[in-house]
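Numbering (this note's numbering), first residue to last: 119 to 738. For each residue, glycine too, the CB sits at the ideal point set by N, CA and C.
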């Protein structure tokens, strides 16, 4: 087995390489290629998101079991609870799955907007927690009161004193209208001194966008005492940043929050019983050992949270708090895999059959051809240097008008063939020179997807995602690869990175389909994806397993059609339809019979999505 793609670093044993194929490491272990071909045989083409519900369940079991183990080990009296932050992935095929899977864990949902709150109210089972974060107006707070009246266990987290004032106003208004008023629980978000590290560190610290200062916390408690709602104050909350790569900042924040909790309890906040430690539990995205993103295990994470909360409670003489987490990335990232076909390798035009050698060629081209036909392991480095030197000389001769376009074409083809062969012959050397050459003469793989739509965090933040082919894995990949998407934008590229080199196979995609899989895309990427060039959310499918261990495909949702995309942008699609139809009908250049054929073709294309059709997919 050849593993060039760091599967043991980021894969969490969710996938396995078996011969040529990457397989799902579950039940009967189907290959991803088999699953993708089944979907394509149904008539779907372009990029596809595969959702694996069993991986959602695996992550839930992992975090709940680790906190259960740690609580038992330390004899911790508080309870562990968790909610999923909807901002991480609001797509119905995901939300419905996580709600159904998580019932045994009493797992809830977190909302940060009115629309998310409606999802949480509709989807969360009664008794499971709902937490509401972010900025709120009177309408949103009123929805929280309606949720409480509906039987939900809901906590409204105050981000500022003005929100508490609004809660008090809504409380008074509802109290006048409903004698048996049920009030939501109230939480307070702390503006922490502690902050995280990395891209999202600004979620913590004194300059954070959210939370109450110490002075505001005390004022908020006084306001609750005065109105008679102090018994509804049940939770304090903090969040020091998404994707916490180091455990140290979290431990510091836990001590800070634990002491705030204890002091508030001692000041008479008797109903305060919970600390919400927010999200941030990191996912390992790196494919290279030296570049690993996370310096702690889930076991260490659970141990530190439980131990530190217990230690502070004991020292301060207060009850051990219930623990809440809102780790969405950790739960969702693994479950989704984006698979997209390679459309073209851009150096494949540099093929021996494309040479246009003349009966008499410039001497340097004759020398290049001799180098190409006689290169071997012993002379590869020398011939490589000669070829690069000749390339510079011949391009200068072309600029000066001494050689023609055919000569230039032959030069480019021969030099690229020599470099490709030399890199293959010297692949065991792993020298700095070779790495630089790979970076300079990388292969460009045109892939049928949009980086802006499917990997927006790569474009916006430089977040890397594991990527690998799903076939040909028994063969060592030798092509230093850059990935180009199909958008009309030069930023739509995953460039070759010497520090995390991606090698792919030299495949003739006109004869054999070659798919790339992008992993850990289930968190944030779908909801942040943008319709750049009007490429929309890809086709998606849920992959389930029956009692015999066989997979089956469920809930396929095809990417939007061209006409639906335009309608989403508020174009008058009926008007567009009439204009296109009338222009064809009024055309003087085609017969009536041809008009009907072209109209049929036009409506067929309007009903299909924006992604490109390959030769193979066109045949389906």
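With a 10 Å radius around the Cβ and a threshold of 16 neighbouring Cβ atoms, residue 474 comes out exposed.
Straight-line spacing of the CA atoms in residue 687 and residue 619 works out to 39 Å. Residue 205 and residue 471 have their C-alpha atoms some 53 Å from each other.
Here the region 184-200 does not lie against the region 473-490, with fewer than 3 beta-carbon pairs under 8 Å apart. Spanning the alpha carbons of residue 587 and residue 155 requires a straight line of approximately 14 Å. The beta carbon of residue 460 sits closer than 6 Å to the beta carbons of 563, 565, 627 and 632 from its chain, once the five residues preceding and following it are set aside; these are given in chain order.
For residue 368, the closest of 650, 123, 414 and 346 by C-alpha to C-alpha distance is 414. Membership of residue 544 in any beta strand (DSSP E) is not indicated, and neither H nor E is assigned to it by DSSP. Here residue 166 has 154, 157, 456, 457, 458, 656, 657, 658 and 659 as same chain residues with Cβ atoms under 8 Å from its own Cβ, once five neighbours each way along the sequence are excluded. Note that the region 344-357 touches the region 290-307; at least 3 beta-carbon pairs, one per stretch, sit closer than 8 Å. Around the beta-carbon of residue 271, 16 or more other beta-carbon atoms lie within 10 Å, marking it buried. Within the region 228-269, the complete alpha helix (DSSP H) segments at least 4 residues long are 232-241 and 256-267, listed from N- to C-terminus. Collapsing the DSSP output to three states places residue 712 in a helix. In this structure, 510 is the residue among 522, 510, 635 and 519 with its C-alpha nearest to the C-alpha of residue 533. Taking the C-beta atoms as reference points, residue 668 is found nearer than 8 Å to residue 146. Across the set 551, 665, 641 and 561, the C-alpha of 561 shows the shortest separation from the C-alpha of residue 625. Pairing residue 217 with residue 264, the inter-Cα distance amounts to about 21 Å. Going by DSSP, residue 564 is part of the beta strand (DSSP E) stretching over 561-565.
Here the alpha carbons of residue 431 and residue 419 stand approximately 19 Å from one another. The three-state reading of DSSP puts residue 642 in coil, since its state is none of H, G, I, E or B. One Cα belongs to residue 717, the other to residue 675, and the distance between them is close to 26 Å.
Residue 372: member of the alpha helix (DSSP H) spanning 366-384, first to last residue. If you check the CB distance, residue 649 and residue 571 come in under 8 Å. The shortest C-alpha to C-alpha distance from residue 343 to any of 132, 282 and 541 is the one to 282.
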